[in-house]
Each structure stands twice: as C-alpha cells, then as structure tokens.
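Participant: Residues in the sequence shown are numbered from 47 upward in steps of one, following the numbering used here.
Using N, Cα and C, we set each Cβ at its ideal position, and we do this for glycine too.
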Amino acid sequence: MSTFNYPQLTPSIAVQNASAAIEFYTLVFGASERFRLVDSSSGQIVHAEIQFGDSLLMLCEEMPEWNKTPQTLGGTTLRLSLHVANADDTMARAIAAGATETMAVRDQFYGFRSGNMRDPFGHEWMIQHSVEEVSPEDMQKRWDAMCLDGSDCGE
47 MSTFNYPQLT
57 PSIAVQNASA
67 AIEFYTLVFG
77 ASERFRLVDS
87 SSGQIVHAEI
97 QFGDSLLMLC
107 EEMPEWNKTP
117 QTLGGTTLRL
127 SLHVANADDT
137 MARAIAAGAT
147 ETMAVRDQFY
157 GFRSGNMRDP
167 FGHEWMIQHS
177 VEEVSPEDMQ
187 KRWDAMCLDG
197 SDCGE
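Structure (structure tokens):
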C-alpha cells in the first residue's frame with residue numbers, strides 16, 4: 047500500500063539542476079515538494095515529486111541512459127498546461143524567476159485567459175485560468191471564424 051495517493055496519469059520530466067527546478071516550481075507555481083530521492087554517491091536527485099493542487103509532477107536529473115532534458119534534445123514536444131487563479135500574475139512571477147514568455151497572456155477563443163512560457167529548464171508551459179464556459183461546438187465555430195479572418199491557426 048502506497049503512502050501517497052497517485053493520479054492515474056503523472057508526467058515525469060528530466061531537468062538539469064533538479065534542486066533549482068523544484069525551487070522554481072514551488073516559488074512560481076506554489077507547488078509543494080512531496081519528497082526527493084538523492085543518489086548518495088553523486089548528490090543528484092534521482093526522483094522527486096512535486097504537488098500542484100490535486101496534480102503531481104515527477105522530476106529528476108538528466109541521466110542519459112534513462113532520460114534526456116530539452117537542452118540535450120534541442121527542444122521538447124511536451125507542453126504542460128497549468129490552471130492557476132490568475133494567469134497574468136503567474137506569468138509575471140515566472141518571467142521574474144527566469145522563464146521566457148513564448149506567447150503573451152490573452153483571452154483565448156476556448157474560454158481561457160492563457161499564455162505560454164519556457165521555464166529555465168527548457169520545459170514548455172501553458173498558464174491559464176477560465177474566463178467563460180465555451181461548449182466544444184462553440185469552440186469549433188470560434189476556431190473556424192478566427193482562421194477565416196486570417197489569424198494564425200497554427201499553420
């Protein structure tokens with residue numbers, strides 16, 4: 047029996063300087079560290095768990111035989127989406143702590159106020175909060191209208 051409750055799906059990321067990453071995620075996002083396992087010979091964090099409300103993120107130092115960081119890979123295909131109380135405030139804290147804004151926070155067609163950033167460890171985050179309820183049908187209509195008016199639709 048586990049001491050902790052684990053969600054059915056939990057992302058796990060590799061970072062360079064796991065201690066600094068844990069500090070960044072707790073400072074910027076208000077996450078809390080559940081625990082960390084440290085390799086006694088190297089001092090590296092081989093596993094840590096960070097709680098974000100009811101969600102969990104696992105992380106560890108890069109160990110090329112098992113995982114690689116965005117720096118080693120030259121980018122990432124994963125974007126973590128984090129719902130917060132205020133996307134503007136959270137983005138400002140992230141930038142002040144060393145993140146790079148990749149899309150300014152603004153109201154989106156799908157009913158959220160959101161923006162994107164790259165944390166100092168190379169991971170991509172979408173920071174957002176809800177501003178209105180939008181049905182999937184209305185989202186599709188808004189998407190179609192946005193693309194028809196010449197906006198960038200990801201092409």
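(1) When you compare only the Cα positions, how much space is there between ILE153 and GLN174?
(2) In three-state terms, what does DSSP make of TRP112?
(3) How far does the alpha helix (DSSP H) with SER65 in it extend, from its first residue to its last?
(4) Return the residue from the list ALA131, LYS187, THR122 that minimises the CA-CA distance to TRP171.
(5) Following the continuous alpha helix (DSSP H) through ASP184, name the residue where it begins and the one where it ends.
(6) How many Å lie between THR148 and GLY120 at the Cα?
(7) Of all the alpha helix (DSSP H) runs that stay within the bounds of the segment 93-180, which reach a length of 4 or more residues?
(8) Does the structure place the segment 182-191 close enough to the segment 158-170 that three or more beta carbon pairs sit under 8 Å?
(9) Across which residues does DSSP place ARG82 in a beta bridge pair?
(10) Which residue comes first and which comes last in the beta strand (DSSP E) that contains SER87?
Facilitator: On the basis of the coordinates in this document:
(1) Note that residue 153 corresponds to Asp in the displayed sequence, not to Ile. Between ASP153 and GLN174, the C-alpha separation is close to 9 Å.
(2) Here TRP112 sits in coil by DSSP.
(3) 64-75
(4) THR122
(5) 182-194
(6) 16 Å
(7) The segment 93-180 contains these whole alpha helix (DSSP H) runs: 116-119, 133-142.
(8) no
(9) ALA94
(10) That residue, SER87, is in no beta strand (DSSP E); it is neither H nor E in DSSP.
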